[in-house]
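Participant: In the order they appear, the protein sequences are chains G and P.
Numbering-wise (our numbering), the first sequence opens with residue 30 and increments by one.
Numbering-wise (our numbering), the second sequence opens with residue 30 and increments by one.
Glycine included, every Cβ here is placed at the ideal spot set by N, Cα and C.
There are 2 protein chains.
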Amino acid sequence: MKGRHPAEAYDKVFVLRLGHRPLRDKRITTHVALVARAFGANGFVMEVCDDAVISSIKKTIATWGGKMEITCGVDPISYVSSWKSEGGEVIHLTMYGIPVDEIVDVIAASVKRKLIIVGAEKVEPVYYSLADYNVAITNQPHSEVSALAIFLDRLYRGRWDISYEGARLRIVPSARGKKVMRIERGEADK
Amino acid sequence: MKGRHPAEAYDKVFVLRLGHRPLRDKRITTHVALVARAFGANGFVMEVCDDAVISSIKKTIATWGGKMEITCGVDPISYVSSWKSEGGEVIHLTMYGIPVDEIVDVIAASVKRKLIIVGAEKVEPVYYSLADYNVAITNQPHSEVSALAIFLDRLYRGRWDISYEGARLRIVPSARGKKVMRIERGEADK
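#1: Is T207 (chain P) close to chain G? Criterion is C-beta to C-beta, closer than 8 angstroms.
#2: Quick check on the DSSP output: the beta strand (DSSP E) that includes F73 (chain P) runs from which residue to which?
#3: Skipping 5 residues on each side, what residues in its chain have a beta carbon closer than 7 angstroms to that of H49 (chain P)?
#4: With a threshold of 16 other CB atoms inside 10 Å of the CB of R46 (chain G), please say whether the residue is buried or exposed.
#5: Would you give the residue range spanned by the beta strand (DSSP E) that R199 (chain P) belongs to?
#6: In three-state terms, what does DSSP make of R33 (chain P)?
#7: Between V103 (chain P) and A178 (chain P), how many whole angstroms is the CB-CB distance? I'm expecting something under 8 angstroms.
#8: Flag W93 (chain P) as yes if its beta-carbon sits less than 8 angstroms from any beta-carbon of chain G, otherwise no.
#9: Return the first residue and the last residue of the alpha helix (DSSP H) that I90 (chain G) is part of.
#10: Hey, could you find the ends of the beta strand (DSSP E) F225 (chain G) is sitting in?
#11: Distance, Cα to Cα, I120 (chain G) vs V109 (chain G)?
#12: Could you check whether Y193 (chain G) and G69 (chain G) sit closer than 8 angstroms to each other, using their CB atoms as the reference points?
#13: Just to make sure I have the definition right: I need the residues of chain G whose C-beta is within less than 8 angstroms of the C-beta of Y157 (chain P). Which are they?
#14: Distance, Cα to Cα, D218 (chain G) vs V174 (chain G)?
#15: Between I212 (chain G) and chain P, is the shortest Cβ-Cβ distance under 8 angstroms, so that the two count as touching?
#16: So, does the CB of Y185 (chain G) fall closer than 8 angstroms to a CB anywhere in chain P?
#17: Reducing DSSP to helix, strand and coil, say where R188 (chain G) ends up.
#18: Does DSSP put R211 (chain G) in a helix, a strand or coil?
#19: Which of the three DSSP states, helix, strand or coil, is assigned to P128 (chain G)?
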């Protein structure tokens, strides 16, 4: 489970969550953030701040390890524009886009920093033009949670060999039941 | 986009959603159901009935086509037991299980009907023993939505070439913006 974090090949692979209605979207946005962490993004940016979401991600990181830069309350259009002007590229996940398997090799081959935009219900048209790639994970409606997981899976060729440094707990995969290893302080980064 | 539905290789690939707290889980359960449809399950079974979730899936099917058997209000332990006694096999998705890439070839090679169990927050220990396979999609916490998508993706080797019969709308993939084709009545099943 050791090795480079897969995002390091691009320096940064960040996820930008557009919109967020705290009452309605709390759990979906939390799941998006957890997917970002588990499938190898190293940053999570929210347009709207929600303490419940952020505390939930931080708690996960404290227990299960890993590093992720967390930011909230950004103006998303400025954020995207700065990302591009600093040499990064922008991938917008949308069911209207180009099928992921047709385009992901091009995206994976470019060494640029990657910002993956994940929208809430309605995404303003401007993002379709700002994005370098509008990418579809199936052209059917499903979920930003699954779309992000499949996109990161394809970007990294299914290699989620992430080293979760600082973890306090680690699962020992098992055919039946739950086996969890508690990691003592000092051993955490081994 | 035509051809057999991928679930047909096994006759049935059903998803069983355990638990469901209507206020808290409405959107997550809806996303689980949409993932089931978009990634090639042909049945969705809920322990707890929730009209909002069911109407949302039915609306999606009416617009975007496809077929999915929808059932709710089942006793999940009896349901799982019947599934097994009728010759089907049961896959429980859990972060404590065996990594999907180690076990999916065995599952894909067996022609048995497949019931995929997707839990809400806490899953009773009995399911770990009832399941033929406890399968982990990463051993990290993320989401039942992404876990189901990745599992179905692996089961079908990334082939989501589902024929969505009866669709009224179909997306034409595009690099920018949204292109949607309206399908006239009578043409729908072509």
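Facilitator: From the atom records:
#1: Numbered from its first residue, the second sequence carries residue 207 (chain P) at position 178. The sequence given here has Lys at residue 207 (chain P), not Thr. K207 (chain P) has a beta carbon lying within less than 8 angstroms of a beta carbon in chain G.
#2: The count along the second sequence starts at 1 and reaches residue 73 (chain P) at position 44. If you look at F73 (chain P), you'll find it in the beta strand (DSSP E) that goes G72 to M75.
#3: Translated into positions along the second sequence, residue 49 (chain P) becomes position 20. When the five nearest sequence neighbours on each side are left out, the beta carbons in the same chain lying within less than 7 angstroms of the beta carbon of H49 (chain P) are those of T58, M75, E76, V77, D79 and A149, in order along the chain.
#4: For the purposes of this step, residue 46 (chain G) is identified with residue 17 of the first sequence, where counting begins at 1. With 16 or more Cβ atoms within 10 Å of its Cβ, R46 (chain G) is classed as buried.
#5: Numbered from its first residue, the second sequence carries residue 199 (chain P) at position 170. Taken as a continuous stretch (DSSP letters only), the beta strand (DSSP E) holding R199 (chain P) covers L198 to I200.
#6: As a working mapping, residue 33 (chain P) is identified with position 4 in the second sequence. Reduced to three states, the DSSP call for R33 (chain P) is coil.
#7: Walking along the second sequence from the start, residue 103 (chain P) turns up at place 74. Walking along the second sequence from the start, residue 178 (chain P) turns up at place 149. About 23 angstroms; that fails the 8 angstroms criterion.
#8: As a working mapping, residue 93 (chain P) is identified with position 64 in the second sequence. Cβ-Cβ to chain G under 8 angstroms: yes for W93 (chain P).
#9: Position 61 of the first sequence, counted from the start, is the residue given in the question as residue 90 (chain G). D80 to W93 is the span of the alpha helix (DSSP H), which, as asked, contains I90 (chain G).
#10: The question about residue 225 (chain G) has no answer here: the residues shown for chain G are numbered 30 through 219.
#11: Here residue 120 (chain G) is taken as the residue at index 91 of the first sequence, counted from 1. Here residue 109 (chain G) is taken as the residue at index 80 of the first sequence, counted from 1. Their Cα atoms are separated by approximately 10 angstroms.
#12: Residue mapping note: residue 69 (chain G) aligns to position 40 of the first sequence, counting from 1. Residue mapping note: residue 193 (chain G) aligns to position 164 of the first sequence, counting from 1. No, the pair does not count as a contact, with Cβ atoms beyond the cut-off.
#13: The residue given as residue 157 (chain P) occupies position 128 in the second sequence. Result: R205, G206 and K207.
#14: Reading the first sequence from its first residue, position 189 is the one you call residue 218 (chain G). Reading the first sequence from its first residue, position 145 is the one you call residue 174 (chain G). Only weak support is given to the placement of D218 (chain G): the predicted model assigns it a pLDDT of 48, under 50, and the question is left unresolved by the model.
#15: Along the first sequence, read from residue 1 onward, the residue named residue 212 (chain G) stands at position 183. For I212 (chain G), no Cβ of chain P is located within less than 8 angstroms of the residue's own Cβ.
#16: By 1-based counting over the first sequence, the position of residue 185 (chain G) is 156. It does not; no Cβ of chain P falls within 8 angstroms.
#17: Working through the first sequence from its first residue, we reach residue 188 (chain G) at position 159. Three-state DSSP puts R188 (chain G) in coil, outside helix and strand.
#18: Translated into the one-based positions of the first sequence, residue 211 (chain G) becomes position 182. Note: R211 (chain G) maps to strand in three-state DSSP.
#19: Translated into positions along the first sequence, residue 128 (chain G) becomes position 99. Collapsing the DSSP output to three states places P128 (chain G) in a strand.
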